[in-house]
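In this note's numbering, each number is its position in the sequence shown, counted from 1, plus 9. By construction, the Cβ of each residue, glycine as well, lies at the ideal position given by its N, Cα and C atoms. Below is one structure; the comments refer to it alone.
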Amino acid sequence: MKILIAPDSFKGCMTAKEACEAIEKGLKNIDADAKIVKVPMADGGEGTVQALVDALNGKIITKKVTGPLNKPVTAFYGLIEQKRLAVIEMSAASGIQFVNHDTADPLHATTYGTGELILDALQRGAEKFIIGLGGSATNDGGAGMAQALGVRFLDENDQELPFGGIALEKLVRIDQTQMSPLLDKATFSIACDVSCPLTGKNGASIVFGPQKGANETEVKLLDNALAHYADIVAPELKNAFGAGAAGGLGFAMMAFLNAVPNPGADLVIDAVGLNEKSSDCDLAITGEGSIDFQTAFGKTPMAVTECVKKNSPNCTIVGLCGHLGKNVDVLYEKGFDALFPIVSGPQSLEEAMENGELNLTRTSENVLRLIKRTKFSI
């Protein structure tokens, strides 16, 4: 019996790797001889670095970089040396966790630290990059990231612009002659599930600016500044899929690094080789902290299910979660055979978190116990 274990993290409770191990423990209690394939998963957001490092035997690199408020922060990324692959969550360097209500500065916040992570990975030999966009504190159109890689943004006096999206209203020309030559061999994929354009009513500033502390006046100023910036840098990309992601970082990555946007879960599936690993499976178990109707829209459990159904059409697919939401019938229609919450009874969130691994092990054990002892056995 071949069993695939491919969950995302249970946020705040277990990493994807820890979830894999908890599920495996339960399965082994019932069938010690089962062939089990564990693949920690993610969808391009928080936890993607750890999941890919765990799945591909990489390592975590920590580095002091420039945070969104132009102060030093400790950031990290994943490096899988044998694949020359770097995995970066932009939020690790430029994320909202580095600001609060009193310190938020959307006009001047910068993605420079994200660029510093990219440069460090290049210097360590990385040639392929997966960049997760999300959780940003910035609205600088990715200009800071580009500045860290050697792009110069110049005003009418040929002076370099300071950090921040608002400075881009004074942009006259760009100079790319000092970009790192290490970029010549590098390819970039951005994990992006946000389709918003860079500017306009559905753009980065108007939709997400208020979440980063921008008031109504600042939102308009930023939107105008990014529109001016885009007109000079790459007007054809202003409305591209993902251009407005992470405060416009998606735009800069496409414009300066020829990055290709992809659904985050699809990038992870390709990176970990899930298509090959999910062939000839009898049972697949996926999951994450919460499963509901939104899971159908590209979340990890849905992406895993689609992958498994393609490669093992007769495989039984089970989703496990801490919280099972409403209106999940659509998930059965899309390939899930069963969905189970792992919480065994009324308890506080703290208790559920504390007992998460035990509950996941018990539920996994019961899933396999039922499958093996029913006359409808797989």
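*Quick one, are the C-beta atoms of M262 and I140 less than 8 Å apart?*
yes
*Out of curiosity, what's the CA-to-CA distance linking I326 and G344?*
7 Å
*So is N271 buried or exposed if we call it buried at 16+ other beta carbons inside 10 Å?*
buried
*Report the three-state DSSP secondary structure of N364 (helix, strand or coil).*
coil
*Would you give the residue range spanned by the alpha helix (DSSP H) that K319 belongs to?*
309-320
*Three-state secondary structure assigned by DSSP to D184*: strand
*List the DSSP bridge partners of I89.*
L94
_Cut-off 6 Å between Cβ atoms - residues of its own chain near V59, not counting five sequence neighbours on either side_ = Sequence inspection shows Gln at residue 59; the Val mentioned does not correspond to that position. Same-chain partners within the cutoff: T24.
*If you draw a straight line from the C-alpha of S214 to the C-alpha of Q156, how long is it?*
20 Å
_T120 to P206 span [Cα, whole Å]_ = 18 Å
*asked:* Just to confirm before moving on: does the CB-CB distance between L246 and A254 stay below 8 Å?
replied: no
*So the beta strand (DSSP E) F162 belongs to, where does it begin and stop?*
161-163
*Cβ pair count under 8 Å reaching 3, the stretch 293-310 against the stretch 224-237*: no
*Quick one: give me the first and last residue of the beta strand (DSSP E) that I127 is part of.*
Run containing I127: none in the beta strand (DSSP E); it sits in the alpha helix (DSSP H), 121-132.
*To the nearest angstrom, report how far apart K381 and I12 are at their CA atoms.*
13 Å
*Taking the DSSP output, what are the residues bridged to A274?*
Answer by DSSP bridge pairing: none, since A274 is not bridged.
*Kindly indicate the opening and closing residues of the beta strand (DSSP E) around C330.*
325-333
*For T370, count neighbouring Cβ atoms within 10 angstroms of its own Cβ and tell me buried if that reaches 16, exposed if not.*
buried
*Return the bridge partner residues of G141 from the DSSP annotation.*
E98, A200
*For E136, which three-state DSSP category applies?*
coil
*Exposure label - K73; buried when at least 16 CB within 10 Å*: exposed
*Hey, could you find the ends of the beta strand (DSSP E) A347 is sitting in?*
347-350
*asked:* Could you check whether L266 and F217 sit closer than 8 Å to each other, using their CB atoms as the reference points?
replied: no
*Give the single residue among E90, M362, P115 whose Cα lies nearest to the Cα of G222.*
P115
*asked:* Which complete beta strand (DSSP E) runs does the stretch 244-306 hold, if anything under 3 residues is left out?
replied: 269-271, 292-300
*What are the boundary residues of the alpha helix (DSSP H) that I175 is part of?*
Note, I175: premise wrong, no alpha helix (DSSP H); not H, not E.
*Answer yes or no: do G76 and A102 have a C-beta to C-beta separation smaller than 8 Å?*
yes
*So N79 and F172 are in contact, right, with Cβ under 8 Å, and what is the actual spacing, rounded?*
6 Å
*Pick out whichever of G365, Y341, S357 has its Cα sitting closest to the Cα of C330.*
G365
*To the nearest angstrom, how far is it from the Cα of V269 to the Cα of N375?*
42 Å
*Buried or exposed: which applies to T83, given that a residue is buried once 16 or more other Cβ atoms fall within 10 Å of its Cβ?*
exposed
_Contained beta strand (DSSP E) runs [length at least 3] in the stretch 36-61, N- to C-terminal order_ = 44-47
*Apart from the five residues on each side of it in sequence, which residues of its chain come closer than 6 Å, Cβ to Cβ, to A7?*
Since the first residue shown for the chain is 10 and the last is 387, residue 7 is missing from the structure and cannot be characterised.
*asked:* Could you check whether the stretch 270-290 touches the stretch 159-168, counting it as contact only if at least three pairs of C-beta atoms, one from each stretch, sit closer than 8 Å?
replied: no
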